[in-house]
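All letters in the sequence shown, in the order written, are residues -25 to -1, 1 to 74 by mature numbering (1 follows the signal peptide of the UniProt record, and there is no 0).
Virtual Cβ for every residue (Gly too), placed ideally from N, Cα, C.
Treat the numbers as computed from the prediction; the structure is a model and nothing was measured.
These notes concern the structure reproduced below.
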Amino acid sequence: MHKRKVLLMTVVAMIVTLAASQAMALVAPVAGSFGFEAYDFFINNILKGPFGAIAGVLSIIAGVVVMIQQKMVPAVLCILGGVLVINSDKIVTSLGMII
């Protein structure tokens, strides 16, 4: 019975993978489009600007300090958060989160 379920799940996964539709990439909003002002302020001025750079670097430094204290879960979360803040513009564009 267990092998039958695994086989069925594998077949369904293969069908869903092979039947995938076309992927659409979204880009950042352009001047004059809906949400451009909010996107420009939050992403370009804050996250990509000095505030985002300082927050990302401080988060990574905090993660290293916490890692020295051998608290691994908070350390990994701090470092991951710092990397996410530093790369936030690329992440927002790749996920298509247009405001």
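Where residue i and residue j are concerned, what is the direct C-alpha to C-alpha distance, given to the nearest angstrom?
i, j, result
"Gly10", "Met(-17)", "41 Å"
"Asp64", "His(-24)", "45 Å"
"Leu33", "Asp15", "23 Å"
"Phe17", "Ile61", "13 Å"
"Gly57", "Val5", "27 Å"
"Leu55", "Val(-14)", "34 Å"
"Ile21", "Cys53", "19 Å"
"Val51", "Leu59", "12 Å"
"Lys23", "Ala13", "14 Å"
"Ser69", "Gln44", "35 Å"
"Lys(-21)", "Met(-12)", "14 Å"
On the CB-based measure, 16 or more other CB atoms within 10 Å of its CB, does residue i come out buried or exposed?
i, result
"Leu(-19)", "exposed"
"Gly31", "buried"
"Leu(-8)", "exposed"
"Gly7", "exposed"
With DSSP run on the structure shown, which of helix, strand or coil describes residue i?
i, result
"Lys(-23)", "helix"
"Met(-17)", "helix"
"Phe16", "helix"
"Ile74", "Caution is warranted here: a pLDDT of 45 is assigned to Ile74, below 50, making its placement in the model unreliable, and no coordinate value can be reported."
"Ser63", "helix"
"Phe11", "helix"
"Ala50", "helix"
For the candidate residues the options, whose alpha-carbon lies nearest to that of residue i?
i, options, result
"Val67", "Asn19, Val(-10), Arg(-22) and Ile(-11)", "Asn19"
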